[in-house]
Each structure stands twice: as structure tokens, then as C-alpha cells.
Amino acid sequence: MIISFLNQKGGVGKTTLAVNVAAQLARRGRKVLLIDADKQASASTWAGLRDEAPFQVVNMARANMARDALKLAADYTHTIIDGPPHAQEVARSCIIASDFVVLPIEPSGLSAWASDLTVKQVREAQDFKPALKCGFVVSRKIGKTVIGREIRTMAAEAGIPILDAEIEQRVAFAESLTMGQTIFEWAPGSRAADEIETLTTEIDAYAQEDVFNGAEAQAANG
1 MIISFLNQKG GVGKTTLAVN VAAQLARRGR KVLLIDADKQ ASASTWAGLR
51 DEAPFQVVNM ARANMARDAL KLAADYTHTI IDGPPHAQEV ARSCIIASDF
101 VVLPIEPSGL SAWASDLTVK QVREAQDFKP ALKCGFVVSR KIGKTVIGRE
151 IRTMAAEAGI PILDAEIEQR VAFAESLTMG QTIFEWAPGS RAADEIETLT
201 TEIDAYAQED VFNGAEAQAA NG
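At position 4 of the sequence shown (counting the first as 1) the number is 4 in the working numbering, and the numbers step up by one without a gap.
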């Protein structure tokens with residue numbers, strides 16, 4: 001299973017989600033690979049701060065990375081790709097390699113607009129890879145902020161569901177990455193850790209075709 005975290009807008013929490021979902025999968029006994037496809041190399045920098053990461057991290061920020069990613073992924077149960085902002089060709093390659101594309105969005109218009117571009121790329125890829133799945137996750141949410149109507153409208157029009165799990169903007173996430181730790185090491189038992197656990201469980205469920213198709217149909221009809 002190859003899962004990409006993508007959005008053409010930077011600063012929506014892709015690396016935070018990629019690193020910590022990978023960590024939670026590893027905690028569940030999965031063999032996990034994290035591919036850093038962002039030239040900023042934030043995930044690789046995080047791994048470099050550690051003596052040993054709980055999963056393998058490789059840097060592969062190039063437009064033709066799909067074939068190599070698929071070869072590497074064959075040795076793992078789960079491969080997580082931390083995708084780039086602003087690099088359409090690299091993002092397209094990430095999508096081609098993926099089974100499931102997760103689109104982190106903030107409850108704001110700018111990230112929704114950038115996601116719309118990625119959605120178009122996903123739809124293009126689905127023309128020759130119909131099994132490719134996609135879902136939005138609300139990231140960097142502030143408190144009880146309500147998801148904007150335009151985001152829900154965009155998701156419904158695209159026929160792409162918004163995952164139930166929501167990730168709030170928490171200092172613990174930034175601190176843990178800066179210190180080269182996962183949220184489960186930095187703040188075990190915290191609400192931040194609970195949010196990642198919930199998201200990981202939902203992503204695992206959505207990766208199952210029967211569960212995902214039901215949610216996708218609901219989004220399209222909603």
C-alpha cells in the first residue's frame with residue numbers, strides 16, 4: 001500500500017502527517033518506508049536528527065520517481081510519500097505511484113484552491129489507474145473552527161470524501177519534528193497523538209475498497 005500526502009500549497013502539515021502516520025503504522029507492527037519527495041527535505045532532516053528512525057526514510061525528490069518508488073515499496077507493507085508543494089511534475093509522479101492520495105487542507109480558501117489542482121491531477125491519473133483512491137483531511141485546524149462551505153462544496157463536486165479525523169494546529173507537532181521525534185515519543189497520550197491514531201485508523205479503513213467506495217458515494221451525493 002502506497003499512501004501519498006499531497007497539496008500544491010505549502011504549510012498545510014504534509015510532513016507532520018506523513019512522519020506521524022508512518023510512525024503509528026510502525027507502532028502497529030507494519031514494515032514502513034517513508035519517501036521524502038519534497039526538495040525541502042523536511043522528513044529527511046527529521047530522520048537525520050535521530051540515531052535510528054522507527055521506519056526507513058529515503059529522499060526521492062525527482063519527477064521520474066514513480067518507478068523507483070514502486071520497486072522500493074515492494075519490500076514494505078506500507079509506503080508513505082511526503083509530497084512536494086509547487087512541483088507539479090513530482091506531484092504527478094507521486095500520484096502515479098500511489099494507491100491512496102491524502103490531501104491535507106486547512107479550513108481556508110487558499111489550501112482548497114491548491115487542492116483543486118491536485119484533484120485534477122488525481123482524476124487524470126484515475127483514467128488509467130481506476131483503483132486509485134483519494135480523500136481530504138482537515139489539517140492545522142484551529143480549535144472548533146467549522147470547515148468552510150467552499151471546501152465541502154469542492155469535495156462534493158469532486159466526489160472525494162473528507163475524512164472524519166481532523167488534525168488541530170498544536171505546538172506539540174512542531175516541537176516533535178524540530179526535536180527529531182514522533183508525536184508518540186514527544187507527547188505520548190496527548191490529544192495530538194490521539195488525533196494521529198484516529199487518522200491512521202481511518203486511512204487504513206479507507207484503503208479498503210468497500211469502505212472507501214461507500215464514503216465516496218456519500219460525498220458525491222452530499
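Beta carbons: idealized from backbone N, C-alpha and C, even for Gly.
Subject >> Range of the contiguous alpha helix (DSSP H) that encloses alanine 262 >> reply: Residue 262 cannot be examined here, being either before or after the span of the chain that is shown, 1 to 222.
**OP:** Given a cut-off of 9 Å, decide if isoleucine 167 and alanine 23 are closer than it, judged by their beta-carbon atoms.
**Re:** no
Subject >> Burial state of aspartate 229 (16 or more Cβ within 10 Å) >> reply: The structure shown has nothing for residue 229, since the chain only spans 1 to 222.
Original post:
Is the Cβ-Cβ distance between threonine 118 and leucine 103 less than 9 Å?
Top reply: yes
Original post:
Mind checking alanine 97: buried by the 16 CB within 10 Å criterion, or exposed?
Top reply: buried
Original post:
Helix or strand or just coil, what does DSSP make of lysine 71?
Top reply: helix
**OP:** Name the one or two DSSP bridge partners that asparagine 59 has.
**Re:** Asp36
**OP:** Return helix, strand or coil for leucine 25, following the three-state DSSP convention.
**Re:** helix
Original post:
What three-state label does DSSP hand lysine 133 in the structure shown?
Top reply: strand
Original post:
Which residue from Glu106, Val122, Ser190 and Asp127 puts its Cα closest to that of glutamine 88?
Top reply: Val122
**OP:** Compare the Cα-Cα distances from glutamate 202 to each of Phe100, Ala165, Ala125 and Gln181 and report the closest residue.
**Re:** Ala165
**OP:** Name, in chain order, the residues that DSSP records as bridge partners for threonine 79.
**Re:** Ile2 and Leu33
Subject >> phenylalanine 212, DSSP secondary structure in three states >> reply: Its pLDDT being 49, under 50, phenylalanine 212 is placed unreliably by the model, and the measurement read from it follows with that caveat. In this structure, phenylalanine 212 counts as helix in the three-state DSSP scheme.
**OP:** Could you check which residue in Pro54, Gly135, Ala61 and Tyr206 has the C-alpha nearest to that of isoleucine 105?
**Re:** Gly135
**OP:** Classify leucine 110 as buried or exposed, calling it buried when 16 or more other Cβ atoms lie within 10 Å of its own Cβ.
**Re:** Bear in mind that a pLDDT of 49 at leucine 110, under 50, signals an unreliable position, so the number given afterwards is only what the model happens to contain. When all chains shown are included, leucine 110 counts as exposed.
Original post:
What did DSSP end up calling phenylalanine 100 once you bin it into helix, strand or coil?
Top reply: strand
Original post:
How big is the Cα-Cα spacing for alanine 69 and isoleucine 35?
Top reply: 8 Å
Original post:
Rounded to the nearest angstrom, how far is the Cβ of leucine 25 from that of valine 101, given a contact under 8 Å?
Top reply: That pair is no contact at about 17 Å.
Subject >> Three-state secondary structure assigned by DSSP to serine 44 >> reply: helix
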